[in-house]
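A.B. asks: Provided herewith is a single structure, encoded as structure tokens, for subsequent inquiry.
In our numbering, the protein residues as written are 80 to 410.
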């Protein structure tokens, strides 16, 4: 199999990953608006898919650069590494979707990519400084989401405390359309850029590009794949995020989505690959805790956190395994 055919496979598999990413993580982006019954599920996925598509076309590609060339030394990897990393991430994504566990597609791709690179060239292939912020933000991002969610809930409560419950509910049903759009836009600014980074890395390592610049066609294809995955919906993840952590109303749904969107805009601008799932989980926990600590089902959040911790090493092992499989197959 020549390099062009392998490159075509990498592009195709990258788009499949983006589809599963939209299916998995975008389920988190519609969980609140579906659970509060502001939109029907079919309309919610259309709404989210649109903003997921628009975001990477307008916000830049800082996250793509971090993912593609900031984690692994491109001089020490080849196409098999990229393909193996993608397959490791896809398998982990599919397994957690089936289990209804809202873990991170972003960190699954990081783990798969890193594990395949280590299998190919050893630990010297890893750019450790590039992993520092993404790994730290596994723990920091949900905490930021929690405190911003807590803050938004307190401020919003103070602003409407003299209004009748029916009036508050009516207004926040309208506002939640905006907050859901903002959160889906934030999801698109971060998550669809991961595959853009991998495809661009493949173009550079095969010599089709000399400089690491994400082409427009890559941005459009990845945005479309993400939007398509969102349209597919991930209803088991929706139930976990929207119903099992805490009970959500339009008011609290608005606060959670707004908090998550603010966090995602900041991390995307800084080029830090974070998980939208981590952020919205923290934000939902924050709005629940603003009412009372017992309103949050902390047992559910502990299960989710364990999935977060296991994602990078588990996807890394899968990526390494696929690399050895591809080496045997291609030779």
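From the three backbone atoms N, C-alpha and C, an ideal C-beta is built for every residue, glycine too. As the structure is a prediction and not an experimental result, all values here were calculated from the model.
1) Just to confirm before moving on: does the CB-CB distance between residue 273 and residue 185 stay below 8 Å?
2) Which partner residues of residue 151 appear in the DSSP bridge assignment?
3) Within the continuous alpha helix (DSSP H) that includes residue 450, where are the two ends?
4) For residue 258, tell me which candidate among 332, 302 and 393 has the shortest Cα-Cα distance.
5) Using the Cα positions of residue 324 and residue 83, report the straight-line distance between them to the nearest angstrom.
6) By Cβ distance, which residues of its chain are closer than 7 Å to residue 221, with the 5 residues on each side in sequence left out?
7) How big is the Cα-Cα spacing for residue 270 and residue 239?
8) As a quick exercise: from 196, 194, 159 and 135, pick the residue whose alpha carbon is nearest that of residue 299.
9) Could you round the C-beta distance between residue 406 and residue 159 to whole angstroms and report it? I think they count as a contact, below 8 Å.
10) Do three or more CB pairs link the segment 241-258 to the segment 386-404 at distances below 8 Å?
11) Taking the alpha carbon of residue 223 as the point to measure from, which residue in 243, 264 and 341 has its own alpha carbon closest?
12) Shortest alpha-carbon distance to residue 152 belongs to which of 234, 404, 199 and 310?
13) If we require 4 or more residues per run, which alpha helix (DSSP H) segments fall completely within the segment 120-173?
14) Return the CA-CA distance between residue 90 and residue 217, expressed in angstroms with no decimal places.
15) Indicate the three-state DSSP secondary structure (helix, strand or coil) for residue 321 in the structure shown.
16) Let me know the secondary structure DSSP gives residue 350 once reduced to three states.
17) Residue 122: which of 292, 309, 219 and 194 sits nearest, CA to CA?
18) Can you say whether residue 296 is buried or exposed, counting buried as having 16 or more other CB atoms within 10 angstroms of its CB?
C.D. replies: Taking the definition as stated:
1) The sequence position of residue 273 within the chain shown is 194, counting from 1. The sequence position of residue 185 within the chain shown is 106, counting from 1. Yes, Cβ-Cβ distance for residue 273 and residue 185 is below 8 Å.
2) Your numbering for residue 151 matches position 72 in the chain shown. Answer is 205.
3) This structure leaves residue 450 out entirely; the chain is present only between 80 and 410.
4) Taking the chain shown and counting its residues from 1, the one referred to as residue 258 is at position 179. The shortest Cα separation from residue 258 among 332, 302 and 393 belongs to 332.
5) In the chain shown, counting from the first residue as 1, residue 324 sits at position 245. In the chain shown, counting from the first residue as 1, residue 83 sits at position 4. The predicted model places residue 324 with a pLDDT of 49, which falls under 50 and marks its position as unreliable; any figure quoted below should be read in that light. Rounded to the nearest angstrom, the two C-alpha atoms are 47 Å apart.
6) The residue given as residue 221 occupies position 142 in the chain shown. Counting only Cβ-Cβ distances below 7 Å, and skipping sequence neighbours, we find 357, 358, 360 and 361.
7) The count along the chain shown starts at 1 and reaches residue 270 at position 191. The count along the chain shown starts at 1 and reaches residue 239 at position 160. Going from the Cα of residue 270 to the Cα of residue 239 covers about 34 Å.
8) Position 220 of the chain shown, counting from 1, holds the residue named residue 299. Nearest option by C-alpha distance: 135.
9) Translated into positions along the chain shown, residue 406 becomes position 327. Translated into positions along the chain shown, residue 159 becomes position 80. So it is a contact: roughly 6 Å between Cβ atoms.
10) no
11) The residue you call residue 223 lines up with position 144 of the chain shown. Selected option, being the one with the closest Cα: 341.
12) Taking the chain shown and counting its residues from 1, the one referred to as residue 152 is at position 73. Just measuring C-alpha positions, the residue of 234, 404, 199 and 310 sitting nearest residue 152 is 199.
13) Listed in chain order, they are 120-137 and 141-148.
14) Indexing the chain shown from 1 puts residue 90 at position 11. Indexing the chain shown from 1 puts residue 217 at position 138. Each residue's alpha carbon lies about 27 Å from the other.
15) Mapped onto the chain shown, residue 321 falls at position 242. Note that residue 321 scores 45 on pLDDT, short of 50, meaning its location in the model is unreliable and no value can be drawn from it.
16) As a working mapping, residue 350 is identified with position 271 in the chain shown. If DSSP states are grouped into helix, strand and coil, residue 350 belongs with coil.
17) Here residue 122 refers to the residue found at position 43 of the chain shown. Taking only the C-alpha atoms, the option nearest residue 122 is 309.
18) For the purposes of this step, residue 296 is taken as the residue at position 217 of the chain shown. Around the beta carbon of residue 296, a 10 Å sphere encloses fewer than 16 other beta carbons of the protein chains shown; the residue is thus reported as exposed.
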